[in-house]
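Working notes, beginning with the structure itself.
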Amino acid sequence: NHFVDSYDPTIENTFQKTLKIRGQEYSLQVIDTAGQDEYSILPQSYFVNIDGYVLVYSVNSRKSFEVVKFVYDKLLDMKGTINGVPVVLVGNKCDLATEREVPFEEGKRLADSWKVAFLETCAKEHHSVTEVFTQIILAIERAEGNNPDQKNSCVLS
Ligand SMILES: Nc1nc2c(ncn2[C@@H]2O[C@H](COP(=O)(O)OP(=O)(O)OP(=O)(O)O)[C@@H](O)[C@H]2O)c(=O)[nH]1
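Okay, so the sequence shown: first residue is 26 according to this note's numbering, each after it adds one.
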């Protein structure tokens with residue numbers, strides 16, 4: 026809930042976040058990895074004991090859009106199959122309208138081809154940020170065979 030305007034390259038940060046979705050409380054451990062490029066190798070530790078992945082690019086950087094595709098392919102390689110690996114694709118910095126290099130539709134098309142949720146966010150204005158965490162939790166729940174989309178209901182006869 027705190028936006029930092031300056032750029033301080035991440036080595037690795039871990040955050041704790043609690044979130045209530047449909048009455049259920051979730052405690053998340055979020056690992057913010059170092060910025061990746063095509064040449065940096067995602068360490069092995071990012072492929073074990075991780076329940077889901079939020080892949081974030083900047084809508085004003087086509088390069089970062091290419092990098093998330095690379096990271097996704099790497100995930101695919103490491104996991105053997107991506108089916109069942111919870112992923113959410115996020116286009117951040119949607120406030121930078123005049124600098125936009127990746128149209129909304131292109132992000133959506135990529136997410137659809139991966140069969141994952143897609144969101145555009147603006148961390149700076151806290152726009153849709155909580156929704157990212159909600160979507161990854163829902164994806165993790167689905168992968169675990171729970172159906173969070175089903176409304177709690179009972180049938181009386
Ligand atoms: N305008 C705008 N700037 C943003 C937004 N989100 C982040 N930034 C800025 O973008 C820069 C990079 O932000 P970071 O949060 O460090 O990005 P990162 O992807 O974690 O960067 P790495 O440390 O390389 O992994 C900083 O200057 C932020 O202030 C946003 O939604 N809008």
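For every residue, glycine included, the Cβ atom is placed at its ideal position computed from N, Cα and C.
From a predicted model like this one, the values you see are computed outputs, not experimental measurements.
Asked, Found
"Segment limits, alpha helix (DSSP H) that includes K94", "87-104"
"F40 in three-state terms, based on DSSP", "strand"
"When D30, N117, T58, G170 are compared against F90, the one with the closest alpha-carbon", "N117"
"Sequence-distant residues of its chain with Cβ nearer than 7 Å to V79 (five each side left out)", "V113, V115, V157, I161"
"Sequence-distant residues of its chain with Cβ nearer than 7 Å to R87 (five each side left out)", "E126, V127"
"Per-residue burial, E166 [other beta carbons within 10 Å of its own, 16 or more giving buried]", "buried"
"Proximity winner among Q41, R47, Q69, relative to L163 (alpha-carbon distances)", "R47"
"Three-state secondary structure (DSSP) of D76", "coil"
"Per-residue DSSP class, three states only, for A142", "strand"
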